[in-house]
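In what follows, a structure is listed as structure tokens, so that the remarks can point back to it.
Number of protein chains: 2
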Amino acid sequence: MNFEENQLFSGIAPDQVDRMLPCLEASRRDYPAGKLMYSYLSGQASAAVLLEGKASVVRYESSGSRTILESLSPGSIFGAGLDFHTEILGSVHVICDTPCRVLFLNYEKMIRPCSSACPRHLDLVQNILAILSRKSRLLGERVEVLSQRSIRDKLLCYFSQLSCKTGSSTFLLPFSMMDLADFLSVNRSAMVRELRSMREDGLIAMTKREVTLL
Amino acid sequence: MNFEENQLFSGIAPDQVDRMLPCLEASRRDYPAGKLMYSYLSGQASAAVLLEGKASVVRYESSGSRTILESLSPGSIFGAGLDFHTEILGSVHVICDTPCRVLFLNYEKMIRPCSSACPRHLDLVQNILAILSRKSRLLGERVEVLSQRSIRDKLLCYFSQLSCKTGSSTFLLPFSMMDLADFLSVNRSAMVRELRSMREDGLIAMTKREVTLL
DNA sequence: ATAAATATGGTGCAAATGCAACAGACAAAA
DNA sequence: TTTTGTCTGTTGCATTTGCACCATATTTAT
Numbered sequence: 004m005n006f007e008e009n010q011l012f013s014g015i016a017p018d019q020v021d022r023m024l025p026c027l028e029a030s031r032r033d034y035p036a037g038k039l040m041y042s043y044l045s046g047q048a049s050a051a052v053l054l055e056g057k058a059s060v061v062r063y064e065s066s067g068s069r070t071i072l073e074s075l076s077p078g079s080i081f082g083a084g085l086d087f088h089t090e091i092l093g094s095v096h097v098i099c100d101t102p103c104r105v106l107f108l109n110y111e112k113m114i115r116p117c118s119s120a121c122p123r124h125l126d127l128v129q130n131i132l133a134i135l136s137r138k139s140r141l142l143g144e145r146v147e148v149l150s151q152r153s154i155r156d157k158l159l160c161y162f163s164q165l166s167c168k169t170g171s172s173t174f175l176l177p178f179s180m181m182d183l184a185d186f187l188s189v190n191r192s193a194m195v196r197e198l199r200s201m202r203e204d205g206l207i208a209m210t211k212r213e214v215t216l217l
Numbered sequence: 004m005n006f007e008e009n010q011l012f013s014g015i016a017p018d019q020v021d022r023m024l025p026c027l028e029a030s031r032r033d034y035p036a037g038k039l040m041y042s043y044l045s046g047q048a049s050a051a052v053l054l055e056g057k058a059s060v061v062r063y064e065s066s067g068s069r070t071i072l073e074s075l076s077p078g079s080i081f082g083a084g085l086d087f088h089t090e091i092l093g094s095v096h097v098i099c100d101t102p103c104r105v106l107f108l109n110y111e112k113m114i115r116p117c118s119s120a121c122p123r124h125l126d127l128v129q130n131i132l133a134i135l136s137r138k139s140r141l142l143g144e145r146v147e148v149l150s151q152r153s154i155r156d157k158l159l160c161y162f163s164q165l166s167c168k169t170g171s172s173t174f175l176l177p178f179s180m181m182d183l184a185d186f187l188s189v190n191r192s193a194m195v196r197e198l199r200s201m202r203e204d205g206l207i208a209m210t211k212r213e214v215t216l217l
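Protein chains in written order, with our numbering: chain P, 4 to 217; chain R, 4 to 217.
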């Protein structure tokens, strides 16, 4: 199996990866865009790593509204053992935004040192560590944005994160207006209204999906 | 140094821990309740583990409002390399709720395999992995709550998490009303108002800090 | 090219939330 | 005990947000 350059197996030779996979109860799958890739339900694999593609962790409320809980990119780790847990309140799923390649794993097997068969298991653990710390940093950012009390503050906080990451006050939004609203967990038309008002107040400039913080 | 039973060094003999500490650039500190323990600023230790006590990661907005970003308990890991990053928008600090004992560490040194001096370094990495995955699970829960759109839904989501954890529909709130509001990132009086209305609607019962989901 | 479907921007109105202020409860300190 | 300070519950009012529409732009399918 060829995993090319991905964070999970970086530094481990392909033939050694092959020997490790059974011991992790690993199974690789491909999904087309728009497909449901994973549900946070018991009986599902406890962990998964996105090898290729983009996907979103979304919750559909009984009211019909949707929330984007997390955006996944190659190298992202997710699963019932790691992040969300299904509440009775709504169902949480992972949906592919683009065609995706995923590796499902047994989380318990992954983190415990295994008997002998896997000489590179500890390299794997190091890699998972790097992936997990990135994840908690991203979730921390998410908490920062969502804990802002007004739509304007949520937008400003999110924009300043993007600006920080790109190192420029001008950046491209990775979302459509609808998805951005679901990501910030606010009403779409209220958000558009607020964006207009922020433009009028001279806080931002915006053309299409290109935003500049002023 | 005696770290008793804490997650970071579990499974590692005390004398071996002592030999590892310098290589992690570790320094232990004690703080009284109410004290500022850590700030998310450059120049600070990149990681820290709470050994004893309880603490809160809080942000103070320029508007004066406060947000509790995370609640830390013994075994929690935090720090600039791992979760929040200082935005221009407000300052993020860790404040002791009770007297605390903290271990500051160099995160980079901690996760990289070191030359030779530390035979148990890989056990340490395994332990950090467990701590980190718990952290991302907690942050995921936090995102679930904060992404609820109304105060009522935030409360219900948080209550059902507590109910889930205790395995009972009756549980004790770990917060005062003021802190709960800052944790849910909503106005305190609006929250109290909503709690009353939920009681009237027969959704919950409440006496002091004891809540029952109905 | 045309039609259909979907995304965006906008508005009035209702509902939810925030804010300020106050009184009583409770706890800590003198 | 009294005093002081903090927490809680409550209310009226201003502001924000959500919601239900609609019109137009943009994309996708036929």
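Cβ atoms here follow ideal geometry from the backbone N, Cα and C, with glycine treated the same way.
Nearest-angstrom Cβ-Cβ length linking residue i and residue j, presumed shorter than 8 Å
{"i": "SER172(P)", "j": "LEU216(P)", "result": "5 Å"}
{"i": "SER179(P)", "j": "LEU149(R)", "result": "22 Å between Cβ atoms; not a contact."}
{"i": "ASP204(R)", "j": "THR70(R)", "result": "About 28 Å separates the two Cβ atoms, so there is no contact after all."}
{"i": "SER94(P)", "j": "ARG145(P)", "result": "The pair is not a contact, with the Cβ atoms about 19 Å apart (cut-off 8 Å)."}
{"i": "LEU187(P)", "j": "LEU165(P)", "result": "The pair is not a contact, with the Cβ atoms about 13 Å apart (cut-off 8 Å)."}
{"i": "ALA133(R)", "j": "GLY82(R)", "result": "No, ALA133(R) and GLY82(R) are not in contact; Cβ-Cβ is about 17 Å, not under 8 Å."}
{"i": "ILE80(R)", "j": "LEU135(R)", "result": "6 Å"}
{"i": "PRO102(P)", "j": "ALA36(P)", "result": "5 Å"}
{"i": "ASP21(R)", "j": "GLY143(P)", "result": "At roughly 32 Å, the Cβ-Cβ gap does not stay under 8 Å, so ASP21(R) and GLY143(P) are not in contact."}
{"i": "GLN268(P)", "j": "ARG152(P)", "result": "The structure shown has nothing for residue 268(P), since chain P only spans 4 to 217."}
{"i": "ARG202(P)", "j": "PHE107(P)", "result": "No, ARG202(P) and PHE107(P) are not in contact; Cβ-Cβ is about 45 Å, not under 8 Å."}
Where residue i falls: helix, strand or coil (DSSP)
{"i": "PHE162(P)", "result": "helix"}
{"i": "GLU28(P)", "result": "coil"}
{"i": "ALA16(R)", "result": "coil"}
{"i": "PHE186(R)", "result": "helix"}
{"i": "PRO34(R)", "result": "The question names Pro, but residue 34(R) in the sequence shown is Tyr. Strand, per DSSP."}
{"i": "THR169(R)", "result": "helix"}
{"i": "CYS96(P)", "result": "Per the sequence shown, the amino acid found at residue 96(P) is His instead of Cys. HIS96(P): strand per DSSP, three-state reduction."}
{"i": "LEU53(P)", "result": "strand"}
{"i": "SER42(R)", "result": "strand"}
{"i": "ARG152(R)", "result": "coil"}
{"i": "ARG104(P)", "result": "strand"}
{"i": "ALA208(R)", "result": "strand"}
{"i": "LEU130(R)", "result": "The identity of residue 130(R) in the sequence shown is Asn, whereas the question assumes Leu. Helix, per DSSP."}
{"i": "ARG123(P)", "result": "coil"}
{"i": "ASP21(R)", "result": "helix"}
{"i": "LEU85(R)", "result": "coil"}
{"i": "LEU135(P)", "result": "helix"}
{"i": "LEU11(P)", "result": "coil"}
Proximity to residue i [Cα-Cα], best of the options
{"i": "TYR43(R)", "options": "HIS96(R), ALA184(R), ALA29(R), SER68(R)", "result": "HIS96(R)"}
{"i": "ALA208(R)", "options": "SER179(R), LEU175(R), VAL189(R)", "result": "LEU175(R)"}
{"i": "GLY67(P)", "options": "ALA36(P), LYS211(P), ARG212(P), ASN190(P)", "result": "ASN190(P)"}
{"i": "MET181(P)", "options": "VAL195(P), LYS168(P), ARG202(P)", "result": "VAL195(P)"}
{"i": "SER30(R)", "options": "GLY37(R), SER163(R), LEU53(R), GLY170(R)", "result": "LEU53(R)"}
{"i": "ASN109(P)", "options": "SER49(P), GLY78(P), CYS99(P), VAL128(P)", "result": "SER49(P)"}
{"i": "PRO77(P)", "options": "ARG123(P), LYS138(P), ASN9(P)", "result": "ASN9(P)"}
{"i": "MET23(R)", "options": "LEU11(R), VAL105(R), LYS57(R)", "result": "LEU11(R)"}
{"i": "TYR34(R)", "options": "HIS88(R), ASP100(R), GLU64(R)", "result": "ASP100(R)"}
{"i": "ILE98(R)", "options": "LEU39(R), VAL105(R), ARG123(R)", "result": "LEU39(R)"}
{"i": "LYS237(R)", "options": "SER153(P), ILE114(P), HIS88(P)", "result": "What is shown of chain R runs 4 to 217, which leaves residue 237(R) out entirely."}
{"i": "ILE15(R)", "options": "SER166(R), SER79(R), ARG115(R), GLN129(R)", "result": "GLN129(R)"}
{"i": "ARG104(P)", "options": "GLY84(P), LYS57(P), SER139(P), ASP21(P)", "result": "LYS57(P)"}
{"i": "SER65(R)", "options": "ASP156(P), ASP21(P), SER200(P)", "result": "ASP156(P)"}
{"i": "ILE114(R)", "options": "SER13(P), ILE131(P), LEU85(P)", "result": "ILE131(P)"}
{"i": "LEU72(P)", "options": "GLY170(P), LEU27(P), LYS138(P)", "result": "LYS138(P)"}
{"i": "SER3(P)", "options": "GLN47(P), LEU75(P), SER45(P)", "result": "Because chain P in this structure spans residues 4 to 217, residue 3(P) falls outside the shown range and cannot be described."}
{"i": "PRO17(P)", "options": "GLU111(P), LEU127(P), PHE162(P)", "result": "LEU127(P)"}
{"i": "SER200(P)", "options": "PRO177(P), ILE154(P), TYR161(P)", "result": "ILE154(P)"}
Beta bridge counterpart(s) of residue i as assigned by DSSP
{"i": "ILE71(P)", "result": "VAL61(P)"}
{"i": "SER66(P)", "result": "Bridge partners of SER66(P): none, in fact."}
{"i": "ILE114(R)", "result": "According to DSSP, ILE114(R) bridges with nothing at all."}
{"i": "GLU213(P)", "result": "LEU175(P), THR210(P)"}
{"i": "ILE80(P)", "result": "VAL52(P)"}
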